[in-house]
Amino acid sequence: MSQSLAIYRLTPEVKIRRESFGGILYKYGCADRGAMSFINSPQLIEFLLVGQQQYQGDLSAAVESRGYSVSSKEKLYRALDDLARRGYIQIGE
Amino acid sequence: MVEPVRFVRRQERLGSATVGMAGEVHPLALAAMQQTGTMVSQRTGHGSQHFLRGGLSAPITVTWEITAACNIACVHCLSSSGRRRPRELTTQQALALVDELAEMQVFQIHFGGGEPFIYPGIWQVLERCSNRGLVMCISTNGTLITQERARRLKQFEPLYFQVSLDGGTPETNDSIRGKGVFKRALRGLELLAAENHSLTVNSVLTTYSFYELDRLYEIAAGFGAKLRVTRLRPSGRGKDVWGALHPTREQYREFADWLGAHPDVLTADSFFHLNAFGNKLPGLDVCGAATATCCICPEGEVYPCAFFQALEFEAGNLHEQSFKEIWHNSATFAYYRSMGAGACSGCGQYNVCHGGCPATKWFVHQSLQIKDPECVLV
């Protein structure tokens, strides 16, 4: 997916909680497979919380507003692509 | 903010030890936990254990057995349910508890019992959960679901149901859950499905239901539901029938293969001990008791998990302490979270099963340092 065209949006039913190692992503459903992930990056958790709370889940807008370097942005989008594969983020155009 | 609620102070004591107070651990529990040896450090823990060691800031899921009252009497009931207990939490106390769990950012409450629909304040509690954004799961026997109730429940989101069937035929199911229950549970499923509720059919795997897994899968699919298979534990009345009902090692091996062929079947992460066969199942590979989950019982007792309702392991009581205090300060939980590998230390498969289920070890052998009685390598 070309990042310049794609819009990354946090799935509405995703809940995010900070933990000492980073945080937890939890998606509505059974406390069962695929509905929960441990994220060992506090920075990523903080970014997702900002996206959820200040940008109504529009992560692309959150990325653009933060003034990241090109390399940081690429790294962040790789992480977001991974979360999209797990169902926490929807990618549209 | 959480509103303070006055709870009745409990005077019950277990032997000479006060149970559940911060800093105090029942001597039998303490000895059993210490016998497991030194914990694997958080830095070197493997898989899910790496994140769960020491406990999370709050549970991911709380199992809340909101009443012990039940209109049926399953032979394997993990909480020996039947009659309502005298000190069950009032509706006001239950609502305050919902607020506290929401403040702690608990993600989900799993209501069980007993039969949750017998609890007088269930509708108010569900409404409060819904208002506070807590995901609700109701584990029900399905027999008290009416069309009116199924419709009324649509107002609560997010909510899903687990309706219990412990066999794919009336003969198998009713030998465990009671005469006529199979038919009544199917009717409950039918009524819930008619209102498009999110459903799972929950089935405890036994040596008898093992042969009916395909039939259970078909039944669930017929209601647009997923099948959820869970492990039989020797807890509550389950202790009396565990020897007769628990699956054989060969059945477990075939079951692991069956799960591989049915990736949409849920397991509540309860079969991670089967990882030792060599193929890791999806989900947690370690017991989440007291770290990712815990159990609140009808009279306010807090235990490591729903299957570990042993008085010696009571971490605290909501009539005496807040849930937050118990979760963060219970000495029982602190010891529980730092248990070592016990007899599994040095086992080549420890990193994929982490020693299996502590509750099963305790209720079968009153020990935590032994191997899981259903260890597939034994």
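Residue numbers (the numbering used here), protein chains in the order written: chain A, 1 to 93; chain B, 94 to 471. Heads up, the beta-carbon is just placed ideally off N, CA and C, and yes, glycines get one too.
Proximity to residue i [Cα-Cα], best of the options
i	options	result
Thr-236 (chain B)	B:Cys-163, B:His-119, B:Tyr-253	B:Cys-163
Asp-307 (chain B)	B:His-355, B:Ile-269, B:Glu-208	B:His-355
Glu-392 (chain B)	B:Glu-181, B:Asn-368, B:Thr-233	B:Glu-181
Phe-38 (chain A)	A:Tyr-77, A:Arg-86, A:Leu-10, A:Glu-93	A:Arg-86
Ser-431 (chain B)	B:Leu-145, B:Val-445, B:Val-358, B:Ser-363	B:Leu-145
Tyr-345 (chain B)	B:Ala-436, B:Lys-332, B:Tyr-301	B:Tyr-301
Ile-62 (chain B)	B:Ile-238, B:Ala-195, B:Ala-187, B:Lys-417	Chain B is shown from 94 up to 471; residue 62 (chain B) falls before or after that span and cannot be answered.
Asn-179 (chain B)	B:Ser-438, B:His-412, B:Ala-166	Per the sequence shown, residue 179 (chain B) should be read as Pro rather than Asn. Comparing Cα-Cα distances from Pro-179 (chain B) to each of B:Ser-438, B:His-412, B:Ala-166, the minimum goes to B:His-412.
Val-14 (chain A)	A:Gln-43, A:Gly-51, A:Arg-78, A:Gly-67	A:Gly-51
Ile-153 (chain B)	A:Ser-60, A:Arg-17, A:Arg-9	A:Arg-17
Ile-165 (chain B)	B:Ser-438, B:Leu-149, B:Gly-206, B:Gly-130	B:Gly-206
Beta-bridge pairing of residue i - partner residues as DSSP gives them
i	result
Trp-157 (chain B)	B:Phe-204, B:Ile-389
Gln-56 (chain A)	Answer is none; Gln-56 (chain A) lacks a bridge partner.
Arg-17 (chain A)	A:Ile-24
Ile-179 (chain A)	Nothing about residue 179 (chain A) can be read from this structure; chain A reaches only from 1 to 93.
Val-445 (chain B)	Its beta-bridge partners do not exist; DSSP assigns none.
Val-395 (chain B)	B:Ile-389, B:Gly-409
Ser-37 (chain A)	A:Leu-25
Leu-44 (chain A)	None, per the DSSP bridge assignment.
Ala-382 (chain B)	B:Thr-386
Leu-359 (chain B)	B:Arg-321
Ala-162 (chain B)	B:Gly-175
Element boundaries [beta strand (DSSP E), containing residue i]
i	result
Ser-291 (chain B)	291-298
Leu-10 (chain A)	7-10
Lys-319 (chain B)	319-324
Cβ pair residue i, residue j closer than 8 Å
i	j	result
Val-395 (chain B)	Gly-376 (chain B)	no
Ala-160 (chain B)	Ile-202 (chain B)	Strictly speaking, residue 160 (chain B) in this sequence is Thr, with Ala absent from that position. Not in contact: Thr-160 (chain B) and Ile-202 (chain B) (Cβ atoms no closer than 8 Å).
Gln-462 (chain B)	Gly-435 (chain B)	yes
Phe-365 (chain B)	Asp-350 (chain B)	no
Gly-281 (chain B)	Ile-269 (chain B)	no
Trp-455 (chain B)	Ala-151 (chain B)	no
Val-405 (chain B)	His-119 (chain B)	What sits at residue 405 (chain B) in the sequence shown is Glu, not Val. Closer than 8 Å, so yes.
Leu-227 (chain B)	Leu-194 (chain B)	yes
Arg-321 (chain B)	Thr-453 (chain B)	no
Glu-158 (chain B)	Ser-172 (chain B)	yes
Enclosing alpha helix (DSSP H) for residue i [first to last residue]
i	result
Ile-419 (chain B)	416-422
Met-432 (chain B)	Premise fails: Met-432 (chain B) is in no alpha helix (DSSP H) and is neither H nor E.
Lys-332 (chain B)	331-338
Phe-456 (chain B)	451-458
Lys-276 (chain B)	274-287
Ala-313 (chain B)	306-315
Leu-461 (chain B)	Careful: Leu-461 (chain B) lies outside any alpha helix (DSSP H) and carries neither H nor E.
Ala-345 (chain B)	Checking the sequence shown, residue 345 (chain B) turns out to be Tyr, not Ala. Counting along the chain, the alpha helix (DSSP H) containing Tyr-345 (chain B) begins and ends at 342-354.
Gln-127 (chain B)	120-127
Near the ligand PLP: residue i beta-carbon under 7 Å from a heavy atom
i	result
Cys-167 (chain B)	Because no ligand of any kind appears in the structure shown, any question about the ligand PLP cannot be addressed here.
Please go through the segment 174-262 of chain B and give each complete alpha helix (DSSP H) segment of 4 or more residues, from N-terminal end onward. Qualifying alpha helix (DSSP H) stretches, in chain order: 184-196, 215-224, 240-245.
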